[in-house]
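K.L.:
Quick note on the working numbering: the sequence shown kicks off at 241 and runs consecutively.
Mind having a look at this structure? Questions to follow.
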Amino acid sequence: MKNRSMKSNSAKSSERTNVMRVLDSKKIKYESHLYEPDASLSGEEIAGILGENADSVFKTLVTEGKTGEHYVFVIPVNAELDLKKAASAAGEKSVSMIRQKELLELTGYVHGGCSPIGMKKQFRTFIHETALLYDTVCVSAGKVGFQIELSPEDLISAARCTAASLV
């Protein structure tokens, strides 16, 4: 596979996303990774393009609980969310994925560019416990073609995550 990644310590000012602005305002260090935007790429393909281990690249999933509350789950791109574990972590009887067409209005992000940082509203957010095994992890920077790499502790702080077993 052709490497389409362009790494930089910080994206050009014209290429800043809301996620980057939030991290900058909190003085959290991160590295931005830009790649050719392609919404058809899987998370594992994006990890490959970035030259990263797929276990340390995380996707952001938004769910709705039986109570009507929304929850955000951040899991490795090569894993599937265990809905029973997710519900248990959230203290819900059950959770289900929201419909893709609801994502933008609810979070401010499009499919393929959803980040746990900087959503329109702060939802309870959970990250798979394996994130803590890595020095750094990658998540979407809030736009297709943009990823950020930061310490899992900084991600947990910025997104107000709770670590849990989710897969």
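Every residue, glycine too, gets a C-beta built ideally from N, C-alpha and C.
All of these numbers come straight from a predicted model, not from anything done at the bench.
Restricting to runs no shorter than 3 residues, where is the beta strand (DSSP E) found entirely within the stretch 282-350?
P.N.:
Secondary structure remark: continuous beta strand (DSSP E) runs of at least 3 residues inside the stretch 282-350, in chain order: 298-305, 310-316, 335-337.
K.L.:
Across the stretch 253-270 and the stretch 375-383, are there enough close Cβ pairs to call them in contact, namely three or more that are closer than 8 Å?
P.N.:
yes
K.L.:
Can you tell me the Cα-Cα spacing of Lys-325 and Glu-393, whole angstroms?
P.N.:
22 Å
K.L.:
Pop quiz: Leu-301 and Met-359 are said to be a contact at Cβ under 8 Å. What is the actual Cβ separation, rounded to whole angstroms?
P.N.:
Rounded, the Cβ-Cβ distance is 13 Å, inconsistent with contact.
K.L.:
Tell me the residue span of the alpha helix (DSSP H) that contains Arg-261.
P.N.:
258-265
K.L.:
Grab me the residues of Phe-211's own chain with a C-beta within less than 8 Å of its C-beta, minus the 5 sequence neighbours each way, in chain order.
P.N.:
In the structure displayed, the chain extends from 241 to 407; residue 211 sits before or after that span and is not available.
K.L.:
Just confirm the distance between the C-beta atoms of Val-317 and Gly-283, as a whole number of angstroms; I'd bet it's less than 8 Å.
P.N.:
3 Å
K.L.:
Taking the CB atoms as reference points, tell me whether Ala-371 and Phe-298 lie closer together than 8 Å.
P.N.:
yes
K.L.:
In the structure shown, what three-state DSSP assignment does Ser-380 receive?
P.N.:
strand
K.L.:
Apart from the five residues just before and just after Glu-292, which ones in its own chain have a Cβ nearer than 7 Å to its Cβ?
P.N.:
Cys-378
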